[in-house]
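Okay, so here's the structure we're looking at.
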Amino acid sequence: AQSVAQPEDQVNVAEGNPLTVKCTYSVSGNPYLFWYVQYPNRGLQFLLKYITGDNLVKGSYGFEAEFNKSQTSFHLKKPSALVSDSALYFCAVRDFYSSASKIIFGSGTRLSIRP
Amino acid sequence: GAVVSQHPSRVICKSGTSVKIECRSLDFQATTMFWYRQFPKQSLMLMATSNEGSKATYEQGVEKDKFLINHASLTLSTLTVTSAHPEDSSFYICSARDPLIAGSSYNEQFFGPGTRLTVL
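Protein chains in written order, with the numbering used here: chain F, 10 to 124; chain V, 243 to 362.
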C-alpha cells in the first residue's frame, strides 16, 4: 500500500531561519508526491508536487521540496521562515492502485514560527 | 486554480437530526469528488469517493447508511450525516479533480474550505 510518514508532530523555528518539514514515503512504482498546507479552520491549499524530472521542486509561498529516491524522502523546505508560515502541513501521495487514484495523507506536522 | 466551495461552513445540530453538506466545483466539472473527515489535530481520513451518476465508493469502516453521498451532477456532491451523534462532530472536507486538465490524474486535487459540524 502507498503511504507517507511525517515523523514530527511539531516543528518550531525562529523567523528568518531555514525550515525543514520531513516526509518519507513508501510506494510501489513511481511516487507522485504532494505537499499541502492547512490554516486554522480552513481547507487544504496545494503547495507543490513531484511527478518526475528535477529532484528539487519549487512551489508556492517560497517553499520547495527535495525528492530523494535513495532515502525515500520528500522533505519540505524554505530558506527563510515567516511567522505567517505557521500552519499545519501535510505530505501526501497519489495511490494509483486505488480505483480513483486517491490521495493518501500523512499525519501532518504543525509548523510554528516564532518572531 | 480551480475553486471548490462547501456549504455550510459551520453547522450545529441536535443529536438525532440529519445534516446535509454541499460541495460544489465552481469553475470546472468534476466527475469524481472525495469526502474527507478530520478530527482535531489529526490528518484527513478519506471517507468515500463520489462518482457522478453512480454510487459512492466508501472506505473500510465508513458506514454508508450513515454518511449518504449523492453526486447528481458534475458540479455538485452532497454528504448527508443521518441521525447525527456527538461523535460525528468533526471537520468535513471535500475535494475534486478536474478531468479536463491534461494529466489530471497526476495533478493535485482541489479542496473545499471545509465544514465544521458540531452535534450537541
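Where a beta carbon is used, it is the ideal one built from N, C-alpha and C, also for glycine.
Remember, it's a predicted structure, so these values are computed and weren't measured experimentally.
Check: Going along chain V in order, which residues have a C-beta closer than 7 angstroms to the C-beta of G52/F?; Outcome: I335, F353, G354, P355 and G356
Check: In chain order, what residues of the same chain lie with their CB nearer than 7 angstroms to the CB of E24/F, ignoring the 5 residues before and after it?; Outcome: A90, L91, V92, I122, R123 and P124
Check: Can you name the start and end residues of the beta strand (DSSP E) that S331/V belongs to?; Outcome: S331/V -> no beta strand (DSSP E), and no H or E assigned at all.
Check: Please confirm whether A10/F has its beta-carbon closer than 8 angstroms to some beta-carbon of chain V.; Outcome: no
Check: What separation, rounded to the nearest whole angstrom, lies between the Cα atoms of Q15/F and K31/F?; Outcome: 6 angstroms
Check: Go ahead and pull the three-state DSSP assignment for Y300/V.; Outcome: strand
Check: Going by DSSP, what residue range makes up the beta strand (DSSP E) through A10/F?; Outcome: Looking at the DSSP string, A10/F is not in any beta strand (DSSP E), and its letter there is neither H nor E.
Check: For the putative contact between A101/F and G117/F, defined by C-beta atoms under 8 angstroms, what is the C-beta separation to the nearest angstrom?; Outcome: The pair is not a contact, with the Cβ atoms about 10 angstroms apart (cut-off 8 angstroms).
Check: What is the C-beta distance between V46/F and A96/F, in whole angstroms, given that I count them as a contact (C-beta under 8 angstroms)?; Outcome: 5 angstroms
Check: Does the distance from the C-beta atom of Q280/V to that of S331/V stay below 8 angstroms?; Outcome: no
Check: If I'm right that G354/V touches S247/V with Cβ under 8 angstroms, what's the distance once you round it to whole angstroms?; Outcome: 6 angstroms
Check: What are the boundary residues of the beta strand (DSSP E) that includes R123/F?; Outcome: T118 to R123
Check: Just list the residues that DSSP pairs R358/V with in beta bridges.; Outcome: R252/V and F333/V
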